[in-house]
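Below is one structure, written out as structure tokens; comments come after it.
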Amino acid sequence: MLNDDVGEYSMAFVVGITVLEKALYDLHDERSTSSELVKSRKKNMILRDLLHSDTLVDTLPEGLIRLLKILFLPAGLNLRNLVWHGFMAPVEFPKCFGSLTLLLIMALPRYFGDLSSKMKDEKTKLFRIDGFDDRFVTSCAR
1 MLNDDVGEYS
11 MAFVVGITVL
21 EKALYDLHDE
31 RSTSSELVKS
41 RKKNMILRDL
51 LHSDTLVDTL
61 PEGLIRLLKI
71 LFLPAGLNLR
81 NLVWHGFMAP
91 VEFPKCFGSL
101 TLLLIMALPR
111 YFGDLSSKMK
121 DEKTKLFRID
131 GFDDRFVTSC
141 AR
């Protein structure tokens, strides 16, 4: 279980938002490549540019785009920057936003193209965690 007193929910959110940004960038990159927009593709787009891009607006449902903009852009709650740049103390971070970020990450895979036949045969890991600290192992073993 995460410890709210030391800001572990805030840290989990930072990791989650990084995964979400990467997934959105990968989706944008995949759709730009498949739609022959290679010339207009930008490398290392920031979240604001991704959410305003025609590629993602055409790919994702309007409600999902609207929710992402409300949560993460300066015209909305701007949660990413508040947490990432330290404007919100880790213990002040509302836990519900970490859960919502996880749900948003889980909603994205359906918008990616079909996996190649090679990847369908293999077990594909979305990400890998090489180790846990002792506190995690100890608390889970109880």
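Using UniProt numbering, you'd call the opening residue of the sequence shown number 1 and step up by one each time. All C-beta atoms, glycine included, are put in the ideal place defined by N, C-alpha and C. Bear in mind the structure is a predicted one, so any value in this text is a computation, not a measurement.
Backbone CA spacing between residue i and residue j [nearest angstrom]
i: I65; j: G7; result: 28 Å
i: L77; j: I70; result: 6 Å
i: S32; j: M45; result: 13 Å
i: S10; j: D4; result: 8 Å
Spatially closest choice to residue i from the options, by CA coordinates
i: L68; options: F87, H85, K95, L102; result: L102
i: T18; options: S53, G63, M1, W84; result: W84
i: M106; options: M1, G16, D29; result: G16
i: D58; options: F93, L24, G86, N44; result: L24
i: L2; options: R110, V91, L108; result: V91
i: L104; options: A12, L20, S10, V14; result: L20
Coarse secondary structure for residue i, derived from DSSP in three states
i: I46; result: coil
i: A23; result: helix
i: N81; result: helix
i: M1; result: coil
i: F112; result: coil
CB-CB length for residue i against residue j, believed under 8 Å
i: residue 156; j: R80; result: In the structure displayed, the chain extends from 1 to 142; residue 156 sits before or after that span and is not available.
i: L47; j: H28; result: Actually they do not touch by this definition, with Cβ atoms about 11 Å apart.
i: E30; j: G98; result: Not quite, the Cβ-Cβ distance comes to about 26 Å (not below 8 Å), so this is no contact.
Start and end residues, alpha helix (DSSP H) containing residue i
i: S99; result: 95-107
i: G63; result: 62-72
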